[in-house]
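Residue numbers (this note's numbering): 12 to 146.
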Amino acid sequence: MALKRAFAAATVYFLALFSLGFVLGTIRVVVVAPRVGALGATLLEMPSMLAAAFFLCRWAVRSRQVSPALRARWVMALWFLLLFALFETLLGFALFGRTLSGTWAGLGTAAGLIGLTGQIIAALLPLFVGRNAQR
């Protein structure tokens, strides 16, 4: 039951954050990046996304009553990261015709590495968020 809750929490956390990221990412690419460049736009977006990730993760953990046990939290973190990577790749292919190698190449840019770092931080938040309150 504990792992089922972790999978459910990771899924709703992912869906909420990915949806927000889709909206903010569209604004970043269409409005902000042409003015300040891809790197500047990514740096401007990152604090908002990480703050949202914190609150959405906390909400998902609480609403799905995820166990504070590290095993459940790691399941949540890894499932979130897997969903994020899968959907990011599929969305890049479907909307922009980006290949898998093109997706990987994009991660090698400064903006891509910053975005990836933010995604990894968001994925690791379940290991820390709300663990003390549930003990």
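Note that beta-carbon positions come from the ideal geometry of N, C-alpha and C, so glycine has one too. Every value quoted in this text rests on a predicted model; they were computed, and no experiment measured them.
- The alpha-carbon separation between G123 and G113 amounts to approximately 12 Å.
- Taking a C-beta distance under 8 Å as the contact criterion, A21 and F91 qualify as a contact pair.
- For L93, the number of other beta carbons within 10 angstroms of its own is below 16, and it is reported as exposed.
- DSSP places F139 outside both helix and strand once states are collapsed to three, so it counts as coil.
- G119 has its alpha-carbon roughly 32 Å from the corresponding atom of W70.
- In this structure, A27 sits away from L136, with a CB-CB distance that is not shorter than 8 Å.
- The Cβ atoms of S74 and A13 do not sit closer than 8 Å to each other.
- For S59, the CB contacts under 7 Å within the same chain, skipping 5 residues up- and downstream, are L35 in chain order.
- Annotated three-state conformation of M12 is coil, per DSSP.
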